[in-house]
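Residue numbers (this note's numbering), protein chains in the order written: chain P, 464 to 729; chain B, 464 to 729; chain D, 17 to 354; chain L, 2 to 272; chain V, 2 to 272. Below is one structure, written out as structure tokens; the observations come after it.
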Amino acid sequence: MSALLSLRNIWVEYGEKIVLENVSLDIEEGSFVSIIGPSGAGKSSLLRVILGQETPTRGSILLDDVPLPGECGPDRGVVFQRYSVFPHLSALGNVMFGLECKQAPFSSRLFGSQKRAAREKAEEMLAHVGLDHSMHLYPAEMSGGMQQRLAIAQALIKRPRILLLDEPFGALDPGIRTDMHALITQLWNEYRLTVIMVTHDIKEAFSLGTRVLTLDKRRHDPHAPHRYGATAVYDLELTRKETPKAADAEPEVSAGSITIDNNHNN
Amino acid sequence: MSALLSLRNIWVEYGEKIVLENVSLDIEEGSFVSIIGPSGAGKSSLLRVILGQETPTRGSILLDDVPLPGECGPDRGVVFQRYSVFPHLSALGNVMFGLECKQAPFSSRLFGSQKRAAREKAEEMLAHVGLDHSMHLYPAEMSGGMQQRLAIAQALIKRPRILLLDEPFGALDPGIRTDMHALITQLWNEYRLTVIMVTHDIKEAFSLGTRVLTLDKRRHDPHAPHRYGATAVYDLELTRKETPKAADAEPEVSAGSITIDNNHNN
Amino acid sequence: SPSGSEQQEPRTEFNIGWSIYAGWMPWPYAQQAGIVKKWADKYGIEINFVQVNDYVESVNQYTAGKLDGVTVTNMDTLTIPAAGGKDTTAIIVGDYSNGNDGILLKGSNDLAAIQGRDVYLVELSVSHYLLARGLETKGMPLTAVNTVNTSDADIAGAFSSPDITAAVAWNPQLATMRDTANTNLVFSSADIPGEIIDLLVVDTATLKANPNLGKALAGIWYETMALMQQDSEAGREARAAMAKLAGTTPDVFDDQLSTTYLYADPAAAVEATRSPALVETMTRVRDFSFAQGLFGQGARSADAVGMSFPGGTVLGDPDNVTLRFDDTYMQMAAEGAL
Amino acid sequence: MRWVNRRPRRGNRMLLGAIPIILLIVLYLAVAGARHAVNPADKILPLPGAMIEAMASLVTEPDQLSGEYLFWADTLASLTRLGIGLAISTLSALLVGLVLGILPPVRATFGPLVTGIAVIPPIALLPILFIAFGLGETAKVALIVVGIAPFMMRDIAAHIGALPREQIIKAQTLGASSWQVMIRVALPQAMPRLIQAVRLSLGPAWVFLISAEAIAADIGLGYRIFLVRRYLSMDIILPYVAWIALLAVVMDLALTWASNRLFPWAHGADH
Amino acid sequence: MRWVNRRPRRGNRMLLGAIPIILLIVLYLAVAGARHAVNPADKILPLPGAMIEAMASLVTEPDQLSGEYLFWADTLASLTRLGIGLAISTLSALLVGLVLGILPPVRATFGPLVTGIAVIPPIALLPILFIAFGLGETAKVALIVVGIAPFMMRDIAAHIGALPREQIIKAQTLGASSWQVMIRVALPQAMPRLIQAVRLSLGPAWVFLISAEAIAADIGLGYRIFLVRRYLSMDIILPYVAWIALLAVVMDLALTWASNRLFPWAHGADH
Ligand SMILES: Nc1ncnc2c1ncn2[C@@H]1O[C@H](COP(=O)(O)OP(=O)(O)OP(=O)(O)O)[C@@H](O)[C@H]1O
Ligand SMILES: Nc1ncnc2c1ncn2[C@@H]1O[C@H](COP(=O)(O)OP(=O)(O)OP(=O)(O)O)[C@@H](O)[C@H]1O
Ligand SMILES: [Mg+2]
Ligand SMILES: [Mg+2]
């Protein structure tokens with residue numbers, strides 16, 4: 464079986480600065496890839512490239528063995544690092560947006576029973592992320608964590624084939640975070656999503672992921688740090704005895720000894 | 464000795480919605496208060512009130528036993544939850560801003576040796592937060608974690624008497640986070656700062672703080688959740704054998720048994 | 017020069033406003049040809065001719081005291097500065113319109129066909145007066161038509177629109193508009209000769225304090241007149257220069273001059289100023305202006321503004337004479353006493 | 002307290018706002034008084050008495066010829082033209098601005114054209130406008146539209162073009178087509194800016210209206226002003242101008258109010 | 002690919018932008034040709050030959066009287082006036098907009114006044130303007146300034162007023178006084194918007210310049226247009242208008258370029 468997503472020799476550069484250097488990866492359908500790495504290594508850049516928001520300066524990306532179109536679509540969902548939701552829509556409106564787009568291509572408004580169904584679905588999703596009592600708030604009236612949960616709900620309701628998460632749980636307290644872990648694991652199982660998640664919480668990376676990637680610079684010139692880009696320095700496949708029901712189940716690491724490289728390199 | 468900062472029966476309401484309900488606190492000079500609590504509880508609101516950015520709907524705040532002026536000043540530094548730095552200044556410019564404001568009240572530009580000194584100081588601070596190679600980048604060219612570190616450097620260089628931190632390390636990887644912990648502890652020790660920090664990392668809250676506050680709702684009406692506000696449900700003084708040198712030193716908890724309430728209530 | 021202050025110090029520098037119109041083009045030409053400087057030097061003064069494109073604005077600026085003198089028609093002198101309490105003296109009666117103003121109709125050769133049409137014109141101007149006089153000849157009141165105020169600068173462009181079927185205008189616009197297909201000149205100032213008069217007026221107080229200004233202006237005017245009337249090369253050149261200043265070609269400009277009755281001879285101008293016909297004309301103009309409310313809301317009778325003529329004739333309120341026809345300087349020119 | 006933090010209360014705000022306007026009126030009265038002391042018949046700066054007298058008949062007495070109350074008839078005519086002109090401009094600005102702002106190929110194709118039209122002074126091309134629109138109401142409305150719509154289009158297009166790219170990307174990951182991005186993401190966020198653009202265009206709109214009425218009209222506020230300018234009747238011009246300013250300020254306030262009411266999310270930006 | 006994502010390349014962009022302009026020219030030629038077929042002496046829509054002929058003498062031959070090349074003298078005069086007017090407007094918009102935007106008490110006091118001035122059509126008060134500023138260059142520059150500065154002031158003030166409150170708070174926690182907030186936080190962030198405001202004001206600025214030159218001038222692009230308008234000489238008016246449009250578009254491009262160069266942080270908004 465060939466990979467769902469293949470990155471071939473991807474380079475990302477901003478002017479002089481090399482951010483990603485020769486990254487090659489194959490991501491299987493249904494896998495849950497955690498990406499960790501120091502701040503500024505290029506994790507978000509990598510996600511942007513996979514999303515189609517940015518084109519790499521070199522290299523190619525294949526989705527189902529065909530080159531990725533230069534734009535993003537509903538097959539790839541995303542939660543951005545700076546949780547960005549639509550400021551002009553209420554929480555409910557934000558979550559219903561995706562449903563409306565699909566079911567009403569022209570008016571993108573639903574009516575009657577369709578509307579009721581979509582609304583129920585959205586309310587359920589909002590309840591899942593703990594926003595059932597804040598449905599009618601606008602993002603500007605929400606706390607940071609609430610906006611982040613809203614962004615998660617908005618992305619999850621579409622059940623995209625590939626879900627890209629950039630530090631999705633960073634602004635959440637441990638209690639809600641556990642709930643979110645359970646939610647994402649459940650959806651991942653149910654819909655065979657492929658998830659790529661950037662996180663700074665190593666425990667989270669290992670407990671949720673089936674594979675953990677570490678993005679970092681291989682070489683480092685202290686006088687010209689921008690001349691070397693980051694690449695995947697560690698790539699660990701985790702095998703679980705069974706698909707975990709709760710995120711707290713500790714996975715076993717298949718690779719031998721792991722040293723997580725945490726040198727911050729910029 | 465009376466407290467540096469006293470909150471007396473503070474209420475924060477947005478229209479119908481009660482966010483903080485009758486919060487009373489005394490914060491001693493030189494203490495390091497960690498605030499934890501579920502998302503949307505009102506932690507950021509509390510910081511905003513202390514900062515002087517918002518006036519509470521009821522209650523009063525005393526700083527050195529005089530009512531807090533309705534505006535913020537250089538005695539209170541802040542790192543906002545959504546790391547906000549000045550988009551029109553480079554990293555160096557952002558950090559030098561505070562120094563320039565103080566030393567050049569009129570032109571707010573420094574020249575000659577003054578400028579050199581300020582620049583050196585700013586560069587040193589940037590090196591502390593690991594941005595020494597990104598000094599000339601504008602915020603738009605930085606990753607999330609880099610912007611957050613910049614915001615920290617910007618606030619720390621002023622050595623404010625009271626430092627308000629709203630999830631300052633949320634977007635940082637564990638390695639840099641440890642460095643930041645060391646940095647903040649060092650500055651706190653050296654300059655006898657008073658720090659109030661909101662965090663979702665309970666380990667961080669306990670390892671750094673001399674006191675941990677939990678903000679949550681005491682009562683909860685499932686049909687009208689907005690009718691009850693949050694208040695300090697737990698308030699733990701931690702005593703350390705010595706001032707911790709490294710943040711990883713585990714503090715001892717003075718209160719007996721603690722149950723952290725993580726019910727998310729909105 | 018704030019109006020009304022009777023005791024004025026003699027001054028040496030004066031500003032005279034002018035706007036583009038065939039009968040006034042000699043002034044800027046004289047300035048360019050050095051005739052102004054010659055006469056000003058002779059009387060030890062300095063005279064600047066200031067071009068104002070917008071005719072109404074030039075008169076307004078004169079009224080406001082920003083200009084010492086201005087080129088203006090008899091009717092507008094009465095209704096703008098004089099009615100505004102600005103004591104004004106007309107020292108040169110330069111010409112009268114003898115076909116330079118006209119009523120145009122599309123699709124008919126008879127003025128009577130104007131009945132009920134929308135007539136585009138500069139309201140409350142000499143065009144309006146001409147329209148009233150034209151309608152009178154057909155026994156129609158002004159209310160027989162509906163007037164639409166149109167700016168003089170835009171009326172030529174506007175007339176090319178099929179929306180307009182009737183208009184009143186003056187040259188050079190009139191000539192441009194006559195070229196439009198299917199258009200007839202049904203009434204013109206040639207039918208009421210001597211009623212639309214083009215003047216040079218100056219502030220009375222300034223003139224009193226500086227009689228040399230009047231002498232210099234008269235000298236300039238009649239020297240220029242003599243030059244442009246010549247059928248010689250010099251005369252043609254002068255007229256060509258005036259055409260250029262008016263933004264047109266010598267042919268078109270000569271056309272315009274042919275419908276302008278220039279008082280090239282000072283004696284003729286003096287005679288016209290002294291003639292009782294002028295009093296009659298001004299009476300008509302005054303009654304028309306009053307009927308149109310041009311004396312302002314305060315004026316209760318057509319006699320509100322006083323006008324004086326050579327020989328002591330006074331029309332209207334003798335205690336409020338603000339428009340004076342003065343032939344002194346034209347007379348001096350006629351006698352060669354300048 | 003720092004000046005940046007001093008927020009006057011509602012009542013005080015109104016009071017403060019009135020001060021310079023009152024001072025200006027006092028200044029006017031002083032200068033006008035001085036001029037009248039020299040020349041009691043001065044027309045340039047009339048005294049209030051004269052203005053009231055001049056206006057009284059226009060406001061309260063029907064015109065002999067038409068039987069209309071001229072002042073009110075003028076106001077109605079001008080407001081109608083202005084309203085239609087603003088409505089057409091706003092609508093076209095929204096449509097064109099939206100399309101230009103969100104679709105790069107359309108922007109590349111029509112952006113230069115819109116810029117060109119925006120910078121061409123329409124009053125220089127009046128004869129062509131007359132041919133295209135005649136001289137009636139259409140022409141007046143057209144002059145307003147030609148005068149302000151391109152500016153508004155460019156403003157809206159720039160605003161939409163500056164929407165965070167994340168939002169556009171996000172919408173697409175949620176399955177939105179170009180059309181849906183346009184009407185669900187760009188359109189609603191353009192609305193508050195559109196109201197702001199209308200507010201900023203009110204001044205120019207009045208300028209073009211008055212210019213249009215100065216060119217050819219038989220009724221309207223601008224018509225009256227240009228008509229009485231012929232005999233420097235500032236006692237009518239000044240009250241008319243004050244009335245225009247009042248109407249425009251009321252519209253401005255109404256628009257601000259409407260924007261706050263209709264788009265609370267765009268204004269609640271408190272923290 | 003969705004239309005929102007199609008970003009034409011530089012070269013294609015220029016090509017696309019040229020298409021509608023070329024179409025418009027072709028349309029003009031067709032209509033003008035048709036009119037000339039009916040009436041060979043048609044003045045309203047002259048053919049290119051006539052325009053070139055009419056312009057040739059203005060552009061290449063010195064005027065007999067003044068010895069100047071009229072076209073270039075007109076251009077120079079108009080550009081000087083426009084430049085001074087724009088400079089004064091921009092500067093005052095920056096100053097006033099800054100102060101209004103950042104200091105609430107000042108906004109409360111002078112905001113209504115600025116709104117009032119912004120909505121008063123200056124051309125309704127022409128007599129007063131010319132009386133106040135004379136008939137010289139000052140009046141022309143003043144009309145431009147009165148016409149566009151209030152709009153720019155309001156735009157800048159609104160932009161600064163909408164700066165995230167966090168930034169103002171942050172600056173104060175870093176020890177900034179009101180003055181420092183103004184010059185270090187608000188001023189630099191107002192600059193790109195100021196350039197945008199100048200770009201949007203170019204159209205109105207030309208309108209006011211031309212209006213001013215129409216009333217009192219003896220040189221200038223607007224003067225020439227109004228001079229020949231009496232004779233309906235569209236063969237001169239149209240090339241002059243095209244020239245004005247070209248000048249304005251070049252200014253617009255220069256401003257865009259300058260903004261990108263000087264304030265990269267405001268434009269690099271890529272992610
Ligand atoms: N402008 C507003 N209007 C209405 N409600 C508001 C407004 N601003 C904040 N709130 C409400 O106040 C509550 C507290 O918000 P706050 O930002 O203080 O939460 P927090 O404890 O910091 O949460 P988090 O951990 O998610 O950052 C939230 O429930 C939010 O909905
Ligand atoms: N527009 C830009 N111009 C120049 N450099 C850029 C630009 N955008 C990003 N970078 C650089 O790219 C690098 C990677 O950024 P990226 O956002 O991918 O990091 P990250 O791994 O997500 O970090 P974090 O964990 O802090 O979010 C950074 O060093 C940043 O400075
Ligand atoms: Mg990132
Ligand atoms: Mg918060």
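Note that CB positions come from ideal geometry on N, CA and C, so glycine has one too. Fair warning: this is a prediction, and the values are worked out from it, not measured in the lab.
Taking its Cβ as the centre, do 16 or more other Cβ atoms sit within 10 Å of Glu152/D, making it buried, or is it exposed? If you draw a 10 Å sphere on the C-beta of Glu152/D, you find fewer than 16 other C-beta atoms in it, and that means exposed.
Have a look at Ile226/V and Ile211/V and give me their C-alpha separation to the nearest angstrom. One C-alpha to the other measures close to 9 Å.
Just how far apart, CA to CA, sit Ala280/D and Ile61/D? Between Ala280/D and Ile61/D, the alpha-carbon positions lie close to 25 Å from each other.
Please report how far the alpha carbon of Tyr477/B lies from the alpha carbon of Phe152/V, in whole angstroms. If I take the Cα positions, the gap works out to 35 Å.
Here's a check: name, in chain order, each residue in its chain whose Cβ is nearer than 7 Å to the Cβ of Thr264/D, leaving out the five neighbours to either side. Taken in chain order, the residues that qualify are Pro188.
Identify each residue in the segment 174–191 of chain V for which the Cβ-Cβ distance to at least one residue of chain B is less than 7 Å, and report them in chain order. Listed in sequence order: Thr174, Leu175, Gly176, Ala177, Ser178, Gln181, Ile184, Arg185, Val186, Pro189, Gln190.
Asp335/D burial status per 10 Å Cβ neighbour count (16 or more: buried): Around the beta carbon of Asp335/D, a 10 Å sphere encloses fewer than 16 other beta carbons of the protein chains shown; the residue is thus reported as exposed.
Can you grab the Cα-Cα spacing for the pair Pro106/L / Arg11/V, in whole Å? Distance from the CA of Pro106/L to the CA of Arg11/V, rounded to the nearest whole angstrom, comes to 11 Å.
So what does Lys480/P bridge to, in DSSP terms? Answer is Tyr477/P, bridged to Lys480/P.
Taking 8 Å as the CB-CB limit, is Ser547/P close to chain L? In terms of beta-carbon proximity, Ser547/P lines the interface with chain L, with at least one pair separated by less than 8 Å.
Against chain V, which members of the segment 582–610 of chain B pass a CB distance test of less than 9 Å? So the list reads Tyr601, Pro602, Ala603, Glu604, given in the order they occur along the chain.
I'd like the span of the beta strand (DSSP E) that includes Trp266/V, first residue to last. That residue, Trp266/V, is in no beta strand (DSSP E); its alpha helix (DSSP H) goes 265–268.
Given this structure, state the Cα-to-Cα distance separating Asp170/D from Gln65/V, to the nearest angstrom. In a straight line, the C-alpha of Asp170/D is about 29 Å away from that of Gln65/V.
Within-8 Å CB hit, Arg14/L to chain B: Look at Arg14/L: its C-beta is not under 8 Å from any C-beta on chain B.
What does the alpha-carbon distance come out to for the pair Met588/B and Ser494/P? When rounded, the distance between both Cα atoms is 41 Å.
Go through its chain and collect everything with a Cβ distance to Val541/B's Cβ below 7 Å, but skip five positions before and after it. Listed in chain order, the non-local C-beta contacts of Val541/B below 7 Å within the same chain comprise Leu514, Ala618, Leu627, local neighbours out to five positions each way being set aside.
Looking at C-alpha atoms only, which residue of Gly137/L, Ala163/L, Val142/L, Arg166/L is the closest neighbour of Pro178/D? Comparing Cα-Cα distances from Pro178/D to each of Gly137/L, Ala163/L, Val142/L, Arg166/L, the minimum goes to Gly137/L.
Report all residues from its chain with a CB closer than 7 Å to the CB of Pro282/D; omit the five preceding and five following residues, and keep chain order. For Pro282/D, where only same-chain residues beyond five positions count, the Cβ hits under 7 Å are Tyr238, Met346, Ala349, Ala350.
Checking 8 Å against the spacing of the C-beta atoms, do Met559/P and Arg539/P come in under that value? Taking 8 Å as the Cβ cut-off, Met559/P and Arg539/P do not qualify as a contacting pair.
Is the beta carbon of Gln190/L less than 8 Å from the beta carbon of His599/P? Cβ distance not < 8 Å, so Gln190/L and His599/P don't count as in contact.
One or two residues paired with Glu700/B in a DSSP bridge: Within the DSSP secondary-structure output, Glu700/B pairs in a beta bridge with Arg674/B.
Taking Cβ-Cβ distances shorter than 9 Å, what residues in chain D pair up with Arg166/V? For Arg166/V, no chain D residue has a C-beta closer than 9 Å to its own C-beta; the minimum C-beta separation is roughly 49 Å.
Report the rounded CA-to-CA distance for Val218/D versus Arg290/D, giving the unit in angstroms. For Val218/D and Arg290/D, the gap between their C-alpha atoms comes out near 19 Å.
C-beta neighbour in chain L for Leu483/B, strict 8 Å: Taking Cβ atoms only, chain L never reaches closer than 8 Å to Leu483/B, which makes this a no.
By the 8 Å beta-carbon criterion, what residues does the segment 213–247 of chain L contribute toward chain V? Within the segment 213–247 of chain L, Ala215, Gly223, Ile226, Arg230, Leu233, Met235, Ile238, Tyr241, Val242, Ile245, Ala246 place their CB atoms closer than 8 Å to a CB of chain V, listed in sequence order.
At a Cβ threshold of 8 Å, is Leu140/D touching chain L? Yes, Leu140/D counts as interfacial toward chain L.
Which residues are close to ligand 3, meaning CB closer than 7 Å to any heavy atom, in chain order? Those satisfying the condition are, in chain order, Lys506/P, Ser507/P, Gln544/P, Asp629/P, Glu630/P, Val661/P, Ser606/B, Gly607/B, Gly608/B.
Out of Tyr697/B, His644/B, Pro623/B, Ile625/B, which one is the CA nearest neighbour of Arg612/B? Measuring from the Cα of Arg612/B, the nearest candidate turns out to be His644/B.
Alpha carbon of Val147/V to alpha carbon of Pro123/V, nearest angstrom: One alpha carbon belongs to Val147/V, the other to Pro123/V, and they sit about 7 Å apart.
Helix, strand or coil for Val97/L per DSSP? Residue state, collapsed to three classes: helix.
Minimum Cβ-Cβ distance from Glu249/D to chain V less than 8 Å: The Cβ of Glu249/D sits no closer than 8 Å to any Cβ of chain V.
Interface positions of the segment 28–46 of chain L facing chain B (Cβ-Cβ less than 7 Å), listed along the chain: Close to chain B, meaning a Cβ-Cβ distance shorter than 7 Å, is no residue of the segment 28–46 of chain L at all.
Determine whether the beta carbon atoms of Leu646/B and Arg622/B lie at a separation below 8 Å. The Cβ atoms of Leu646/B and Arg622/B do not sit closer than 8 Å to each other.
With respect to 7 Å, is the separation between the Cβ of Lys480/P and the closest non-hydrogen atom of ligand 2 below this value? Yes.
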